[in-house]
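Structure record follows, encoded as structure tokens.
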């Protein structure tokens, strides 16, 4: 049974989430502040964490960093903060997804299921298929229309990072630092150029990409 840790200081939200999650077969633990959240995570080892950022003792970003110091548990942020920089800070700290309040329960549950699926153990180096192309992470090859697609090393590295985080927003800073190095956290023009090249090579309609998706001002997402 999947165990969910709900972290929020608003009792009515905690109660609504607990009722809905338990009704769908999840085990639920709750915490009303950041300190309780870190303790509960260490004691109960949840499969996914639903985390509000506006906690009374610690900022949610601090909680994310605290969790990421020892666990890769999926973290879905639930927050009324809508500014892009707030979202980017949470994602850069290690959150897996960001849901803005108020949210629909069906959408949240879908994101929760997706986060749990992504965290499930998988065979290393899988083959990821889309309707337009296939990525073989083991062979480091991409196939489209039955033929190999020639990618430069940088194009491949960029694609690999996105594919290994399928369905998850990867921030501009994270991509730049992963592909080009820690000193390149602000060179967003690099990303625009290389993403355009990847789309021309892989997308059926590069001007309206279905798989290499831009999240304006935040980053990119690979959708299989």
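Numbering (UniProt numbering), first residue to last: 1 to 224. Idealized CB from N, CA, C, for every residue including glycine. Since the model is a prediction, treat every value here as computed from it, not as a measurement.
Per DSSP, residue 88 is not a residue of any beta strand (DSSP E); the alpha helix (DSSP H) it occupies stretches across 84-93. Under DSSP, the beta-bridge partners assigned to residue 27 are 3. Residue 39 and residue 17 have their C-alpha atoms some 20 Å from each other. Pairing residue 23 with residue 78, the inter-Cα distance amounts to about 20 Å. Contact between the stretch 187-194 and the stretch 136-143 is absent: fewer than 3 CB-CB pairs across the two stretches fall below 8 Å. Residues of the same chain with a CB within less than 6 Å of the CB of residue 219, apart from the 5 flanking positions on each side, are 169, 170, 171 and 172 in chain order.
Per the coordinates, the alpha-carbon of residue 213 lies some 20 Å from the alpha-carbon of residue 89. Secondary structure of residue 48 (DSSP, three-state): strand.
In this structure, the straight-line span from the alpha carbon of residue 181 to that of residue 12 is close to 44 Å.
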